[in-house]
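Only one structure is covered here, and it is reproduced in the block below.
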Amino acid sequence: MNQVRIAQVGAGNWGRNLLRNFLSMDQVNVVAVCDEDQSVLQAASAQDPKLHVTATFDDILQRDDLDGVVIATQTPLHFAMARDALRRKLHVFVEKPMAQTAKQAEELVALSDEVDRHLMVGHLLLYHPAFRHVEQLIHNGDLGRVYYLYSVRVNLGIIRRRENALDSLAPHDLSIALAYLNQKPVAVSATGQAYLQPDVCDIAFATVFFEQGAMAHLHTSWLDPHKIRKVTVVGERKMAVVDDCEAIEKVRVYDKGVTRSGYASFAESMTIRSGDIHIPRIGMQEPLRIECAHFIDCIRSGRPPRTDARNGLAVVRLLEAAQQSLRHQGARVPVGP
17 MNQVRIAQVG AGNWGRNLLR NFLSMDQVNV VAVCDEDQSV LQAASAQDPK
67 LHVTATFDDI LQRDDLDGVV IATQTPLHFA MARDALRRKL HVFVEKPMAQ
117 TAKQAEELVA LSDEVDRHLM VGHLLLYHPA FRHVEQLIHN GDLGRVYYLY
167 SVRVNLGIIR RRENALDSLA PHDLSIALAY LNQKPVAVSA TGQAYLQPDV
217 CDIAFATVFF EQGAMAHLHT SWLDPHKIRK VTVVGERKMA VVDDCEAIEK
267 VRVYDKGVTR SGYASFAESM TIRSGDIHIP RIGMQEPLRI ECAHFIDCIR
317 SGRPPRTDAR NGLAVVRLLE AAQQSLRHQG ARVPVGP
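In my numbering, each residue's number is its place in the sequence shown (first place is 1) plus 16.
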């Protein structure tokens, strides 16, 4: 395969960043862009006058010169657009979450297998060099057994109308929790509140419980005075913090923990250890560039994406349980199946 020919659906708030990356890749030919907003289409044409622009998704589906489609629309549109593109036997990159229900996500998994096309989900942090570094520390055993992690993903805006703060923000940290803890999630408890719009939670707290006792706690909000993008991982031997708002020193590893000395007395058997703080040097690249390049490489090579349809399904199942818990005032909801 020479150049991979793709179309992109949605080139607005986040989509413009995807389009910028795909347009800059020599191995990619962006053939068409679809968006309902004419100003967005004008901006896309200004980047590349050869682009075919359209406001109608059917125009994209009727083309016979495409290898794949990139979907960066509002969440409620993800499932139907990904389904229709797969039915046209196109490789699909879809932003997170890939669907709003587990049933929809399961259908996409089955369809991707049936037509033998990649369905890659935009779980961006799994391609982020800083988060990948901590993941490698965990897999190497440097942190020891991971007890729990917690994340804070808050800001003021963008206010969504068709999805709540959990739908919009939590998929990032749920994908990280699944990768870092590497255990089966068994239940979710979530609470939240809608302040700005009826029935659309602006703030949510969710806790995921895993089968071997690990926990992941998430704080998500678009109604907050601070911009924070931070994940803290507490292990048996060491602890690590990833702060994506830091310009350079994004990862800190703390040689802190509690040592069991083996004395008979319980009080004497626990010793608090507080050692050095290590700031590793991490070669940073734009995570989105890495993610986009991975999608193209998977089309060219046939290798499955790291964040494939099953990875997307796992996150949607957690989201679905969290939404159900929200509706029942924080009740602990099992994660199926």
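Note that CB positions come from ideal geometry on N, CA and C, so glycine has one too. On a predicted model such as this, the values are computed, not experimentally measured, just so you know.
Suppose you measure from the CA of residue i to the CA of residue j; what does that come to, to the nearest Å?
| i | j | result |
| --- | --- | --- |
| Asn104 | Met41 | It is worth fixing the name first, because residue 104 is Arg in this sequence and not Asn. Near 24 Å, if we compare the C-alpha coordinates of Met41 and Arg104. |
| Thr275 | Ile288 | 6 Å |
| Gln152 | Ala146 | 10 Å |
| Gln90 | Arg348 | 28 Å |
| Gln43 | Phe73 | 24 Å |
| Ala181 | Gly318 | 35 Å |
| Phe69 | Arg253 | Reading the sequence as shown, one finds Val at residue 69 and not Phe. Each residue's Cα considered, the two are about 54 Å apart. |
| His94 | Gln120 | 10 Å |
| Lys272 | Tyr166 | 17 Å |
| Cys308 | Arg133 | 17 Å |
| Trp238 | Leu190 | 17 Å |
| Val86 | Leu35 | 9 Å |
| Leu127 | Ile293 | 47 Å |
| Gln58 | Gln24 | 14 Å |
| Thr117 | Asp240 | 28 Å |
| Glu122 | Gly328 | 10 Å |
| Ala88 | Val204 | 27 Å |
| Arg305 | Leu39 | 11 Å |
| Ala30 | Phe109 | Residue 30 is actually Trp in this sequence, not Ala. So the two alpha carbons sit approximately 14 Å from each other. |
| Ala27 | Met255 | 39 Å |
| Val310 | Pro321 | Note that residue 310 corresponds to His in the displayed sequence, not to Val. If you take the alpha carbons of His310 and Pro321, they lie about 7 Å apart. |
| Val131 | Val351 | 28 Å |
| Gln19 | Leu142 | 26 Å |
| Asp100 | His107 | 11 Å |
| Asp51 | Gln228 | 45 Å |
| Met136 | Ala193 | 19 Å |
| Cys314 | Gly157 | 29 Å |
| Ala48 | Gly84 | 11 Å |
| Glu265 | Pro303 | 16 Å |
| Tyr164 | Lys112 | 24 Å |
Look up residue i in the DSSP assignment and say whether it is helix, strand or coil.
| i | result |
| --- | --- |
| Gln152 | helix |
| Ser317 | helix |
| Pro303 | helix |
| His310 | helix |
| Met97 | helix |
| Val332 | helix |
| Leu141 | helix |
| Pro92 | helix |
| Asn18 | coil |
| Ala62 | helix |
| Gly251 | strand |
| Leu159 | coil |
| Val56 | helix |
| Val125 | helix |
| Gln339 | helix |
| Leu102 | helix |
| Asp75 | helix |
| Arg322 | coil |
| Glu262 | coil |
| Gln116 | coil |
| Ile82 | Going by the sequence as given, residue 82 is Leu instead of Ile. In the structure shown, Leu82 sits in coil (DSSP, three-state: anything other than H, G, I, E or B). |
Per DSSP, residue i forms a beta bridge with which residues?
| i | result |
| --- | --- |
| Ile87 | Val25 and Val110 |
| Arg268 | Val257 |
| Gly273 | Arg289 |
| Asn45 | Arg21 |
| Val69 | Val49 |
| Leu135 | Val108 |
| His294 | Val269 |
| Val349 | Val204 |
Would you mind giving the Cβ-Cβ distance between residue i and residue j, rounded to the nearest angstrom? I have them listed as a contact below 8 Å.
| i | j | result |
| --- | --- | --- |
| Thr223 | His235 | About 10 Å; that fails the 8 Å criterion. |
| Pro296 | Val257 | Rounded, the Cβ-Cβ distance is 12 Å, inconsistent with contact. |
| Val46 | Asp64 | 7 Å |
| His149 | Val267 | 6 Å |
| Leu67 | Arg21 | With 8 Å as the limit, Leu67 and Arg21 do not qualify as a contact, their Cβ atoms being about 12 Å apart. |
| Val332 | Met114 | 7 Å |
| Val249 | Tyr196 | 6 Å |
| His207 | Gln345 | Checking the sequence shown, residue 207 turns out to be Thr, not His. With a Cβ gap of about 7 Å, Thr207 and Gln345 count as contacting. |
Could you check whether the Cβ of residue i sits closer than 7 Å to any heavy atom belonging to the ligand NAD?
| i | result |
| --- | --- |
| Thr89 | No copy of the ligand NAD occurs in the structure displayed, which carries no ligand at all. |
- prompt: At what residue ranges does the segment 165-245 contain a whole run of the beta strand (DSSP E), taking only runs of 3 or more?
  reply: Scanning the segment 165-245 for uninterrupted beta strand (DSSP E) segments of 3 residues or longer gives 201-209, 219-226 and 231-237, listed from N- to C-terminal end.
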